[in-house]
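Trainee: Chains as they are written, first to last, in the working numbering: chain A, 60 to 203; chain B, 60 to 203.
Below is a structure I'd like to ask you about.
Protein chains: 2
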Amino acid sequence: MLPESDTDDAYQLDAQVGYLLRLASQRHAVIFQKLVTAGLTPTQFSTLIRVWEQGAVSQNRLGRLAAMDVATIKGVVDRLRKKELVRSEPDPNDKRRTTIFLTDKGNALVSTLMQDGKRITEETLKPLSPAEQKTFLSLLEKLI
Amino acid sequence: MLPESDTDDAYQLDAQVGYLLRLASQRHAVIFQKLVTAGLTPTQFSTLIRVWEQGAVSQNRLGRLAAMDVATIKGVVDRLRKKELVRSEPDPNDKRRTTIFLTDKGNALVSTLMQDGKRITEETLKPLSPAEQKTFLSLLEKLI
DNA sequence: CGGGTATCATTGGTATACAAATGATCTGGC
DNA sequence: GCCAGATCATTTGTATACCAATGATACCCG
């Protein structure tokens, strides 16, 4: 009897891309937490980089740039503001908008964070050879 | 001036493995939600498969098998119980433990879910050629 | 210029996800 | 047999993450 399938292949959770992506993200999160400055989370990190890239950006647009829902980006910005890494101001030209900026403290942190980010990526990819790393990243980009 | 780095390489958030993993997971989540039966989440799906593989399993061990924290697995099991896909019983041999089982309804769902799972993985990997898919999965496994 | 449509930020709801602390229970070693 | 250390499940707290609804505002087109 083969109750689990109408083909010869048994289902293997451990071979499904979604499950593997979750495990890889978990491992990355551990490495991130160990190596990042100032106790930032990966989401806060990405958000800060995007603000730095933009200089000034509305909150919703920041969410799109950092790939976050409006509700998610709000919470992230709130917490970055509490850490005094960003500040927000109402847009004088559009009363719907709030513009997000880096504070001096946030600005001073960015170059350190970029160094952190490189080491985090290095450490995460360490199980792969340099050639494999290149291949992996390029396939991962194709997947998005 | 190169304010962002002491090397020639500018920092690219879009090239960092953690950020790419997050985007890939987001895309997978959308595909998952579209193709899965019974409105399950990826976590609930994985948990249900693990219970099916084990037949009977304590809640904490189930968490380890499905790669979830004790607090996370508790919530997942609670919600699966509310959907009447699993049931739990106190372990007569160890009063600390709660044993988790599939209900008949849960058991009946599993083979459908496995078919779903295969289609979800297929759809997620679709941007890659068959050879690339194999390479990607094998590199992803190496990364964990 | 006025009204329908789009965008913005917020809010409430649900679901992961993990750390830390707690009380109950079990187990290994003496 | 007892006790120190381990394990189990729960709870609390924080942080993503997304959907849906809402009210305010902006924009476009006729």
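Built from N, CA and C at the ideal position, the CB exists for glycine as well.
Could one say the Cβ of ILE203 of chain A lies closer than 9 Å to chain B's Cβ atoms, at least one of them?
Mentor: Chain B, which has a Cβ nearer than 9 Å to the Cβ of ILE203 of chain A, makes this yes.
Trainee: Can you tell me whether DSSP reads LEU199 of chain A as helix, strand or coil?
Mentor: Residue state, collapsed to three classes: helix.
Trainee: ALA130 of chain A CB to nearest chain B CB: under 9 Å?
Mentor: It does not: the Cβ of ALA130 of chain A has no partner Cβ on chain B nearer than 9 Å.
Trainee: Can you tell me where the beta strand (DSSP E) holding SER95 of chain A begins and where it ends?
Mentor: Checking the sequence shown, residue 95 of chain A turns out to be Val, not Ser. It is not in any beta strand (DSSP E) - VAL95 of chain A carries neither H nor E in the DSSP assignment.
Trainee: Would you mind working out which of A:LEU72, A:GLU191, A:THR171 and A:ARG155 sits nearest ALA126 of chain B, comparing C-alpha positions?
Mentor: Per the Cα distances, A:LEU72.
Trainee: Put PRO151 of chain A into one of helix, strand or coil per three-state DSSP.
Mentor: Here PRO151 of chain A sits in coil by DSSP.
Trainee: Going along chain B, which residues have a C-beta under 7 Å from LEU139 of chain A?
Mentor: Chain B residues near LEU139 of chain A: none, gap ~16 Å exceeds 7 Å.
Trainee: To the nearest whole angstrom, what separates the beta carbons of THR171 of chain B and THR96 of chain B, a pair I think is in contact under 8 Å?
Mentor: Their Cβ separation, rounded to whole angstroms, is 5 Å, which keeps THR171 of chain B and THR96 of chain B in contact under 8 Å.
Trainee: Taking all protein chains shown into account, decide if ARG155 of chain B is buried (16 or more other Cβ within 10 angstroms of its Cβ) or exposed.
Mentor: Counting Cβ neighbours within 10 Å, ARG155 of chain B comes out exposed, since fewer than 16 surround it.
Trainee: Looking at C-alpha atoms only, which residue of A:LEU202, A:LYS201, A:ILE203 and A:PRO186 is the closest neighbour of LEU198 of chain B?
Mentor: Nearest C-alpha to LEU198 of chain B: A:PRO186.
Trainee: Indicate the three-state DSSP secondary structure (helix, strand or coil) for ALA167 of chain A in the structure shown.
Mentor: In this structure, ALA167 of chain A counts as helix in the three-state DSSP scheme.
Trainee: Across the stretch 164 to 181 of chain B and the stretch 172 to 184 of chain A, are there enough close Cβ pairs to call them in contact, namely three or more that are closer than 8 Å?
Mentor: Because the criterion of three Cβ pairs below 8 Å is not met, the stretch 164 to 181 of chain B and the stretch 172 to 184 of chain A do not touch.
Trainee: Using 8 Å as the Cβ pair cut-off and three pairs as the minimum, do the stretch 110 to 130 of chain B and the stretch 149 to 165 of chain B touch?
Mentor: Touching, yes, given that three or more Cβ pairs across the two stretches are closer than 8 Å.
Trainee: Starting from the C-beta of GLU143 of chain A, find all residues in its chain whose C-beta is less than 8 Å away, skip the five residues before and the five after it, and write them out in chain order.
Mentor: Cβ neighbours of GLU143 of chain A beyond the five flanking positions: THR162, LYS164 and GLY165.
Trainee: Roughly how many angstroms separate the alpha carbons of GLN92 of chain A and SER188 of chain B, rounded to a whole number?
Mentor: Cα to Cα, the separation comes out at about 34 Å.
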